[in-house]
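One rule links them: number in the working numbering = place in the sequence shown (from 1) + 21.
Beta carbons are placed, not taken as given, at the ideal position from N, Cα and C, and that holds for glycine.
Structure first, then comments.
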Amino acid sequence: MRLQYKIVVGFLFFTLISNAQFTPDCRSAIPVCGDAPISGIADGRGDIDDFDPDDIRQTGCLEKGSNSSANIENNTSWYAFRALEDGSIGFDIEATTDTAEWDFAIYGPDTDCASISNGTAQPLRCNYEANNTSFTGLGTNPESGQDGFEFVKGSKNTYDELLDIAAGEIYYILINNYNTNFDGDPEPFTLTFTGDVDALDCTFRDEFLGLDIVGCEGDPDVVLSAFRSPVGPDVASVVWSVDYEDDGVIDNANLATGTEYTVTSPNTGRYFVEITTISGTPTTVVDDILIYFHAAPIVSDIEITVVDYLVDRNKIEVLVNGNSDYEYAINGGEFQDETLFHDVPPGQNTLIVNDKNGCGITEEIPFLVIGYPKFFTPNGDGFHDGWNVLGIEELVDARVYIYDRYGKLLKQLAAGVTWNGTFNGKDMPESDYWFRMEYAETEGGVIVAKTLQNHFTLKR
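As structure tokens, then:
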């Protein structure tokens, strides 16, 4: 016999602990190349915290370096570059003001902004030391002639080693201003690549809207800028369009005009821009970017399927509303991708749902599996001394009748009552016993009487 119970887990049971992902400014990293110096300016603390401050200071070379008051993020800028071929790359970051104190960290390959933000991805190179020259970077300091060497906390090394890159790899550079006056005013710097600069892919700049962005519903807006294109301010007109399903069909061919377009959560889609130039060289420039907002886990219901009321065959399936990738754990166990759980014990259990993209995790959600122990041992040791159908209190008008193998009624049970293995004050012998459970269930708005029969074992 197969009985199914659906338990709706309401908001009384559900709490989303937090959005675990700090969406960093690196999601708007500017694609760059090595054929010319890059003039940058860092303005303010950045739109969003790049890192979880409780985690990032404990990892790698972002441990505040030699200065106990040094900050992880202040006036940050993010860049990205892609390798065209194998080689070794360095760069110089030059301070062009007296008050700027530039630090950097470089991440990659095979990483993304979410893993950078939560500390999963460690910097390959970085300098969070107090610089005594106007330069910092990878390779050789052009001012002092000092060659870069491996990070050692407290060494005050101005430069780190060159970075070996391979064709197709993408790297992120964080440039951070440890501004000595912390006034938040914009300050300029110059970024110049060194080493095998021809190994960098200059077509990467054509992807000026940036790399695809994965975020969470409720994240801050994403501002897309046409001025980041290779033609710079040579802009006569701009048209934005969008394919919300990313299925190759444009849903709105005239989404907006203007040099900037702001994407707000939860408007997932592939966004396109077409720029017509003033000079006509080239006539038009186009780019696109996929922005995907994942939804935090919202458990709509838990469907519990109990097969033959055998404990080792109890199973539950979890249904979650949302457009993300989730994983599930019950009773404090390991997370799994599969929504189906087998061998769920009868009685009270707990479920946790986690968004694999870092968009949130639920607290423990209690749920009940209606079932019965396959055996009990009424020997007074405090373990398995009584027997009843667990979860019976959730059924309507439930009654349980216990019989011996000859069909003699030994006990009638209701919710909260257990059988201690006796009849008329005498211990019943070790054997299999049968039970019949009668209850009511609503089907299509009509209350229908139900009956279940099965057996269990008394052991002494």
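- Which full runs of the beta strand (DSSP E) of 3+ residues lie inside the segment 255 to 305, going along the chain? Note on the segment 255 to 305: whole beta strand (DSSP E) runs with a minimum of 3 residues are 258 to 264, 273 to 278, 281 to 284, 290 to 297, in chain order.
- Just checking, does the segment 366 to 373 make contact with the segment 422 to 436 on the three C-beta pairs under 8 Å criterion? Too few Cβ pairs lie closer than 8 Å, so no.
- Message: Can you tell me which residues form a DSSP beta bridge with L212?
- Response: BP columns for L212 point to I59, I114.
- Query: When you compare each of N139, G189, F210 to D119 by their alpha carbons, which one comes out closest?
  - Reply: Closest option to D119, Cα to Cα, is F210.
- Query: With DSSP run on the structure shown, which of helix, strand or coil describes R481?
  - Reply: Reduced to three states, the DSSP call for R481 is coil.
- Query: For Q357, which residues does DSSP report across the bridge?
  - Reply: Looking at the DSSP assignment, Q357 forms a beta bridge with Y349.
- Item | 6 Å Cβ shell around R103 - same chain, five flanking residues per side excluded | If we look at R103 and ignore the five residues flanking it on each side, its Cβ neighbours are I191, D222, F225.
- Any idea if F404 is buried or exposed, counting beta-carbon neighbours within 10 angstroms, 16 or more meaning buried? By the neighbour-count criterion, in which a residue is buried when 16 or more other Cβ atoms sit within 10 angstroms of its Cβ, F404 is exposed.
- Item | C-beta atoms of P251 and D233 nearer than 8 Å | Result no, Cβ atoms of P251 and D233 do not sit closer than 8 Å.
- Query: Just the Cα atoms here: how many angstroms apart are I59 and P387?
  - Reply: Roughly 56 Å separates the two Cα atoms.
- Straight-line Cα distance separating R291 from E2: Only positions 22 to 481 of the chain appear in this structure, which leaves residue 2 out of reach.
- Task: List the endpoints of the continuous alpha helix (DSSP H) containing S452.
- Result: Element bounds for S452: not the alpha helix (DSSP H) but the beta strand (DSSP E), 452 to 464.
- Query: In chain order, what residues of the same chain have a beta carbon less than 6 Å from the beta carbon of P350, not counting five sequence neighbours either side?
  - Reply: Note that residue 350 is Ala in the sequence shown, not Pro. Around A350: F356, I373.
- Ignore the nearest five residues each way along the sequence and tell me which others in I271's own chain have a CB closer than 8 Å to its CB. Taken in chain order, the residues that qualify are S262, V263, D264, F293.
- For T383, which of helix, strand or coil comes out of DSSP? It is a strand residue.
- Query: Between T13 and F314, is the Cβ-Cβ spacing less than 8 Å?
  - Reply: In the structure as shown, the chain starts at 22 and stops at 481, and residue 13 therefore has no counterpart that could be examined.
- Query: With which residues is I51 paired in a DSSP beta bridge?
  - Reply: DSSP, once it has assigned bridges, lists Y100 as partnering I51.
- Message: Assuming C134 is part of the alpha helix (DSSP H), what are its boundary residues?
- Response: C134 -> alpha helix (DSSP H) spans 134 to 138.
- Message: By alpha-carbon positions, which one of E385, I310, N342 ends up nearest to I319?
- Response: Per the Cα distances, N342.
- Query: If we call anything under 8 Å between Cβ atoms a contact, is A57 one with Y193?
  - Reply: For A57 and Y193, no; Cβs fall outside 8 Å.
- Task: Reducing DSSP to helix, strand and coil, say where I413 ends up.
- Result: Note: I413 maps to helix in three-state DSSP.
- Message: At the level of alpha carbons, what is the spacing between S483 and D217?
- Response: Given that the chain is displayed from residue 22 to residue 481, the structure contains no residue 483 and the question cannot be resolved.
- Task: Determine the contact status of P52 and A101, defining contact as a CB-CB distance below 8 Å.
- Result: Yes.
- Item | Span of the beta strand (DSSP E) around I391 | Counting along the chain, no beta strand (DSSP E) covers I391, and no H or E run does either.
- Message: Just list the residues that DSSP pairs V243 with in beta bridges.
- Response: When DSSP reads this structure, V243 sits in a beta bridge with V284.
- Query: Which of helix, strand or coil does DSSP assign to F397?
  - Reply: Residue state, collapsed to three classes: strand.
- Task: Tell me whether T224 sits in a helix, a strand or coil according to DSSP, three-state version.
- Result: DSSP places T224 within a helical segment (H, G or I) once states are collapsed to three.
- Query: What is the C-beta distance between P207 and I114, in whole angstroms, given that I count them as a contact (C-beta under 8 Å)?
  - Reply: Their Cβ separation, rounded to whole angstroms, is 16 Å, which puts P207 and I114 out of contact at 8 Å.
- Quick one, which of I186, F362, A135, A121 has its alpha-carbon nearest R146's? Ranking I186, F362, A135, A121 by CA distance to the CA of R146 puts I186 first.
- Would you give the residue range spanned by the beta strand (DSSP E) that K432 belongs to? Element bounds for K432: 430 to 434.
- Query: Among the residues of its own chain, which have a CB less than 7 Å from the CB of G279, if the five just before and after it don't count?
  - Reply: Sequence-distant Cβ neighbours of G279 in its own chain, meaning closer than 7 Å and more than five residues away, are V259.
- Query: So does the segment 376 to 391 actually touch the segment 435 to 448, counting three or more Cβ pairs closer than 8 Å?
  - Reply: Touching, no.
- Message: In the DSSP assignment, the beta strand (DSSP E) including V126 goes from what residue to what residue?
- Response: Correcting the residue identity first, residue 126 is Ala in this sequence and not Val. Residues 123 to 128.
- Query: Per DSSP, which one or two residues make a beta bridge with V438?
  - Reply: BP columns for V438 are empty, so no partner.
- Query: Thinking C-beta only, is E385 closer than 8 Å to T398?
  - Reply: With contacts defined as CB atoms closer than 8 Å, T398 and E385 fail to qualify as a contacting pair.
- Message: Less than 8 Å between the C-beta atoms of L195 and C54, yes or no?
- Response: No, the Cβ-Cβ distance between L195 and C54 is not below 8 Å.
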